[in-house]
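Student:
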Ligand SMILES: NC(=O)c1ccc[n+]([C@@H]2O[C@H](COP(=O)([O-])OP(=O)(O)OC[C@H]3O[C@@H](n4cnc5c(N)ncnc54)[C@H](OP(=O)(O)O)[C@@H]3O)[C@@H](O)[C@H]2O)c1
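Residue numbers (this note's numbering): 73 to 374.
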């Protein structure tokens, strides 16, 4: 197996790289990781040449502008990276006969009359922001690759940047003694990059490649307030006691770009494909233990 990963230095790419090297099923794989420092995914010539030269069996396309606000303020950039970038990658996959796995988002849904059992793969998307629109366009472009898999996921945490990891952002803000307001009436399924990486490995190593769309998220839904308060308690209960996050309402927020009030997935299809995800609390426990250990060893080194 020759696996080519774009956006490999991002939150998910970093977790995936670790999981790939730890998993015996992928021990023999030849993996090429590319990131923004290698070339701009919006550069057609560079992207095409790199994929064609490697001749992958599977491309895992993670590179994206993955945050809502920058897409809203610079739609040209969002189009270039999140739409043209997917087009270049998909065309190169078609040219070399590679499979394509593309990562999309729960934000493709509008949250209006959200189904009680969670959004299934068959529900009709209705994006509310430039980011969500570009992710949906990316899904449609990816679908032109004969063997493609669109993995939608939600509210990722487990990165190393506060702007892309709510758990880390909440802990660091509390450590700085900042007052935090977190929304207590917007729902989705928070997902740990490590658990998503393991699910991706499961899907990529199945005997039968699952073409189409599949929803992948940690078990259980939550609000950002529940997630933040739980994470603080796990990391250091004293931090939570000293700097508890204040609950605010979705309706009182002035967002840059629209977002769904409820975008929790239904993940029965993933279970049918043979993979069960841990609960989000279990995932936060592991992430916080990891962070605590890293922070402690940094304190010891200093
Ligand atoms: N984060 C979430 O909550 C979430 C939820 C649902 C779906 N997703 C999707 O999951 C995927 C992975 O997300 P993530 O959280 O790992 O995002 P991430 O940490 O932002 O990683 C994306 C990577 O793409 C790189 N990139 C940005 N512009 C690029 C360009 N022009 N050319 C090449 N590379 C470029 C970024 O580099 P720089 O960091 O240097 O810009 C970054 O390393 C994305 O498709 C995202 O849309 C994310």
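No residue lacks a Cβ here, since even glycine has one placed at the ideal position from N, Cα and C.
Model, not experiment: these values are computed from the prediction.
Return the CA-CA distance between residue 329 and residue 100, expressed in angstroms with no decimal places.
Tutor: Roughly 43 Å separates the two Cα atoms.
Student: Tell me, please, which residues DSSP counts as bridged to residue 172.
Tutor: In DSSP, residue 172 forms a bridge with 131 and 220.
Student: Taking 8 Å as the cut-off, does the stretch 143 to 155 touch the stretch 336 to 349 (at least 3 CB pairs, one atom from each stretch)?
Tutor: The answer is no - the stretch 143 to 155 does not touch the stretch 336 to 349, with fewer than three Cβ pairs under 8 Å.
Student: Select from 331, 288 and 148 the residue whose C-alpha is nearest the C-alpha of residue 175.
Tutor: Closest by alpha carbon: 288.
Student: Evaluate contact between the stretch 349 to 357 and the stretch 289 to 303, counting only Cβ atoms and requiring at least three cross-stretch pairs below 8 Å.
Tutor: Result yes; three or more Cβ-Cβ pairs closer than 8 Å.
Student: Indicate, with yes or no, if ligand 1 has a heavy atom lying under 8 Å from the CB of residue 152.
Tutor: For ligand 1, at least one heavy atom lies less than 8 Å from the Cβ of residue 152.
Student: Leaving out the 5 sequence neighbours to the left and right, which residues in its chain are closer than 7 Å to residue 237 when beta-carbon positions are compared?
Tutor: These residues qualify, in order along the chain: 83, 229, 230 and 231.
Student: Taking the C-alpha atoms as reference points, what is the distance between residue 373 and residue 366?
Tutor: Near 11 Å, if we compare the C-alpha coordinates of residue 366 and residue 373.
Student: Roughly how many angstroms separate the alpha carbons of residue 168 and residue 77, rounded to a whole number?
Tutor: For residue 168 and residue 77, the distance between alpha carbons rounds to 15 Å.
Student: Is it buried or exposed, residue 145, if we count other Cβ atoms within 10 angstroms and call 16 or more buried?
Tutor: It counts as exposed.
Student: Compute the distance between the beta-carbons of residue 136 and residue 220, then report whether it is under 9 Å.
Tutor: No, Cβ-Cβ distance for residue 136 and residue 220 is not below 9 Å.
Student: Taking only the alpha-carbon atoms, compute the straight-line gap between residue 352 and residue 182 and give it to the nearest angstrom.
Tutor: If I take the Cα positions, the gap works out to 23 Å.
Student: So, are the CB atoms of residue 196 and residue 132 less than 9 Å apart?
Tutor: Not a contact, by the Cβ cut-off of 9 Å.
Student: Run the CB neighbour count on residue 360, radius 10 Å, all protein chains shown included, and call it buried at 16 or more, exposed below.
Tutor: With 16 or more other Cβ atoms within 10 Å, it is buried.
Student: In chain order, which alpha helix (DSSP H) runs of at least 4 residues are fully inside the stretch 293 to 323?
Tutor: If we require 4 residues or more, the alpha helix (DSSP H) runs fully inside the stretch 293 to 323 come out as 296 to 307 and 309 to 314.
Student: Mind checking who residue 288 pairs with in its DSSP beta bridge?
Tutor: Partner(s): none; residue 288 has no beta bridge.
Student: In the DSSP assignment, find the beta strand (DSSP E) that holds residue 75 and state where it starts and stops.
Tutor: Note, residue 75: beta strand (DSSP E), 74 to 78.
Student: Quick check on the DSSP output: the alpha helix (DSSP H) that includes residue 266 runs from which residue to which?
Tutor: 265 to 277 is the extent of the alpha helix (DSSP H) around residue 266.
Student: Considering only C-alpha positions, which residue in the set 327, 121, 348 and 362 is nearest to residue 200?
Tutor: Of the listed residues, the one whose Cα sits closest to residue 200 is 327.
Student: Taking the beta strand (DSSP E) that residue 105 falls in, what are its first and last residues?
Tutor: Start and end: 102 to 105.
Student: Taking three-plus beta-carbon pairs below 8 Å as touching, is the stretch 262 to 280 in contact with the stretch 116 to 124?
Tutor: The answer is no - the stretch 116 to 124 does not touch the stretch 262 to 280, with fewer than three Cβ pairs under 8 Å.
Student: Tell me which residue opens and which closes the beta strand (DSSP E) that residue 254 is part of.
Tutor: 253 to 255 is the extent of the beta strand (DSSP E) around residue 254.
Student: Are the CB atoms of residue 318 and residue 254 within a distance shorter than 9 Å?
Tutor: Yes, these two residues count as a Cβ contact at 9 Å.
Student: Which whole-angstrom value is the C-beta distance of residue 321 and residue 256, which I expect to be below 8 Å?
Tutor: About 7 Å; that satisfies the 8 Å criterion.
Student: Spatial neighbours of residue 323 within its chain, please: CB distance less than 7 Å, with the 5 preceding and 5 following residues excluded, ordered by chain position.
Tutor: Cβ within range, chain order: n/a, list empty.
Student: I need the straight-line Cα distance from residue 213 to residue 108, nearest angstrom please.
Tutor: Going by the C-alpha atoms only, they are around 21 Å apart.
Student: Identify the residues that DSSP records as bridge partners of residue 248: which are they?
Tutor: Residue 248 pairs with nothing; no bridge assigned.
Student: Residues in the same chain with beta-carbon distance under 6 Å from residue 252, minus the five sequence neighbours each way, listed in chain order, please.
Tutor: Excluding sequence neighbours, residue 252 sits near 245 and 317.
Student: Got a sec? Which residues, its chain only, sit under 8 Å from residue 158 by beta carbon, not counting five neighbours each side?
Tutor: Cβ neighbours of residue 158 beyond the five flanking positions: 133, 174, 209, 210, 213 and 214.
Student: Use the C-beta contact count for residue 93: other C-beta atoms within 10 angstroms, 16 or more gives buried, fewer gives exposed.
Tutor: Result: exposed.
Student: According to the Cβ coordinates, are residue 180 and residue 204 closer than 9 Å?
Tutor: Against a cut-off of 9 Å, the Cβ pair of residue 204 and residue 180 comes out as a contact.
Student: Near residue 332, which residues of its chain fall below 6 Å by C-beta distance, leaving aside the five closest residues on each side in sequence?
Tutor: Hits under 6 Å: 181, 182 and 183.
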